[in-house]
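Adding 2 to a residue's 1-based position in the sequence shown gives its number in the working numbering.
C-beta: ideal position from N, C-alpha, C; glycine also.
Report on one structure; see the data block that follows.
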Amino acid sequence: MIYRARWVLPIDRAPIRDGWVETDLDPDVVRAAAPGRILAVGGGRPPGAPEDLGDVALLPGLVNAHTHLELSWMAGLVPPAESMDAWIRELMRVRQAGPAGGESDVTEAMARAAVAMHATGTVLVGDISNTLVSPRVLTHAGLGGVVFHELIGFNAVDPAGAVRAAWDRVARAQQDLTEAENPLSFSVVAHAPYSVSPALFREIADRRRATPLAVHLAESAEEIEFLRTGQGPIRQMLEALGVWTDTWPVPRTDPVQYLASVGYLQPGVLVVHGVHLTDDNLERLRDARGAIVTCPRSNLWVGGGPPRLSHFYGSRVPIAIGTDSLASTSTLNLFDELAEMRRMAPEVAAGALLDSATRRGAEALGFGHDYGTLTVGKRAALVGVATPAGTRDVEEYLVSGVPADAIRRVA
Ligand SMILES: [Zn+2]
């Protein structure tokens, strides 16, 4: 099967005007199994009779590297806040009250959110999961990616036992999955420095497997203050929750050094948010071969402040993109996230933003060999975006906020 389109964006090279992608998909065979592979990519005359998609930009399926599908039922329930402290308090209040319709509301909202992601061009997801419901939800929606089974425990009594139990739950979740057509891998990860004890961090890092670690880091100014001084709104919150302990050694350091001190600054570690990382922090993260997952709309919503996008891109740390959950953003559509990034950082090239939404995301989740670019041998997970006739700069157009109904899955 050959697809011809006004624009082809292989991502590993410049956009091709009037290009085509040849795949091993057979138009006469309806497949339930995995999508095919890319056989060739080019411009000019295609090697056979193509399906002509017309005024469409063809690009690799996108990667949403940070979501919490489990929070989908909170869509619209936790309004934007001035500070992260205020936002988290409201989130906890809503969570405590629970959804009107109980557990079925939770799973239905997750399923709707996953279907919407698929429909808006996402193929791989990095989903944070506390309950491990999401593997099934992702699989049903035709999505692959990484399920990050997240642990919380500021005062964990038995860190080794907690991590062992978490990996056991992962093993059961994997067994429950029927033959998935999309690849799904698993990791056990820590939530954040203010919710996970140093011992639990170390235990998680020590028992890490092939899939990358992830952690919420430097999301708010309050977190930086807490790591430096052990004081501030986060300390007050931990005390109010009854989990503060005087045995917690105040690190008196920055977030990246803190990760290093607990053995968590490993190659491939995904630092989610990183809003308050300094240039020195970014350099250290780059040298450690970590990556950032930026979620700009969520950062603004929760009062964490705008991420320093031009510094991120200037640092040469690989930058992937996430939407975060529907509790802190209005859609899980990655094109909406790209539009916000373009608005925040007009100085960052549109091509670099698209690279983050595809190749960098796939690499960050450990799927760079199969996804993220239109390269011979990779999966033919193709997304088409209708482009207005006469579009001159297709990369700029794609980060300008394309309407959801202009996006479709091609193969
Ligand atoms: Zn998150």
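Count the other C-beta atoms from every protein chain shown that fall within 10 angstroms of the C-beta of residue i, then say buried if there are 16 or more, exposed otherwise.
i      : result
ALA34  : Because ALA34 sits at a pLDDT of 48, beneath the cut-off of 50, its placement in the model cannot be relied upon, and the following sentence gives the value as read from the coordinates. Classification of ALA34: exposed, given that the 10 Å Cβ count is below 16.
ARG174 : exposed
ASP282 : exposed
LEU11  : buried
PRO251 : exposed
ARG95  : exposed
LEU243 : exposed
THR249 : exposed
GLU84  : exposed
PRO379 : Residue 379 is actually Gly in this sequence, not Pro. Label assigned to GLY379: exposed.
GLY103 : exposed
SER108 : Position check: residue 108 holds Val in this sequence, whereas Ser was assumed. By the 10 Å Cβ count, VAL108 comes out buried.
GLY163 : exposed
PRO405 : exposed
ALA205 : Residue identity differs from the one stated: residue 205 is Glu in this sequence, not Ala. By the 10 Å Cβ count, GLU205 comes out buried.
ARG381 : buried
ASP357 : buried
VAL159 : exposed
LEU284 : buried
ARG19  : exposed
THR25  : buried
SER199 : buried
GLU221 : buried
Whole angstroms is fine: what's the gap from residue i's alpha carbon to residue j's?
i      : j      : result
THR389 : ALA7   : 10 Å
GLY100 : TRP22  : 49 Å
MET3   : ALA223 : 52 Å
VAL245 : GLU398 : 48 Å
ALA408 : ASP57  : 11 Å
SER327 : VAL117 : 14 Å
ARG237 : VAL387 : 47 Å
SER300 : VAL191 : 21 Å
TYR5   : PHE188 : 33 Å
VAL80  : LEU302 : 13 Å
GLY45  : ASP28  : 21 Å
ARG410 : VAL385 : 6 Å
LEU140 : ARG91  : 29 Å
THR393 : SER131 : 40 Å
ALA16  : VAL396 : 11 Å
THR133 : GLY305 : 27 Å
ASP14  : ILE294 : 20 Å
ASN157 : VAL165 : 14 Å
VAL135 : PRO48  : 44 Å
ARG318 : SER106 : 43 Å
PRO298 : GLU339 : 7 Å
LEU153 : LEU400 : 36 Å
LEU73  : GLY50  : 47 Å
ILE323 : MET76  : 21 Å
task = Starting from the N-terminal end, write out each residue whose C-beta falls within a distance shorter than 6 Å of any non-hydrogen atom of ligand 1.
result = So the residues near ligand 1 by this Cβ test are HIS68, HIS70, ILE130, HIS218, VAL274, ASP326.
request  = For the stretch 378-409, list the alpha helix (DSSP H) runs that are entirely contained and at least 4 residues long, ordered along the chain.
outcome  = Along the stretch 378-409, the alpha helix (DSSP H) occurs as fully enclosed runs of 4 or more residues at 396-400, listed in sequence order.
key: Three or more C-beta pairs below 8 Å linking the stretch 116-126 and the stretch 270-281   = Here the stretch 116-126 makes no contact with the stretch 270-281; the two share fewer than three CB pairs at distances below 8 Å.
Inside the stretch 327-365 only - beta strand (DSSP E) runs reaching at least 3 residues = Listed in chain order, the beta strand (DSSP E) runs fully inside the stretch 327-365 amount to none, counting runs of at least 3 residues.
request  = Could you tell me which uninterrupted alpha helix (DSSP H) segments, each at least 4 residues in length, are contained entirely in the stretch 92-152, listed from first to last along the chain?
outcome  = Note on the stretch 92-152: whole alpha helix (DSSP H) runs with a minimum of 4 residues are 105-121, 136-142, in chain order.
ask   = Pairing CB atoms from the stretch 62-72 with CB atoms from the stretch 370-388, are three or more of them under 8 Å?
value = Touching, yes.
Minimum length 3: unbroken beta strand (DSSP E) runs contained in the stretch 226-298 = Qualifying beta strand (DSSP E) stretches, in chain order: 272-275, 293-296.
query = Enumerated in chain order, which unbroken segments of the beta strand (DSSP E) with a length of 3 residues or greater are wholly contained in the stretch 150-207?
reply = Annotation note: the stretch 150-207 contains the following uninterrupted beta strand (DSSP E) runs of length 3 or greater, listed N- to C-terminal: 186-192.
task = Would you check if there are 3 or more beta carbon pairs closer than 8 Å linking the stretch 225-240 to the stretch 321-338?
result = At 8 Å Cβ cutoff, the stretches do not touch.
ask   = Do the stretch 303-318 and the stretch 340-353 touch if we need at least three Cβ pairs shorter than 8 Å?
value = Here the stretch 303-318 makes contact with the stretch 340-353; the two share three or more CB pairs at distances below 8 Å.
ask   = What are the start and end residues of each continuous beta strand (DSSP E) run of 3 or more residues lying completely inside the stretch 12-95, in chain order?
value = Qualifying beta strand (DSSP E) stretches, in chain order: 18-25, 40-45, 58-62, 64-69.
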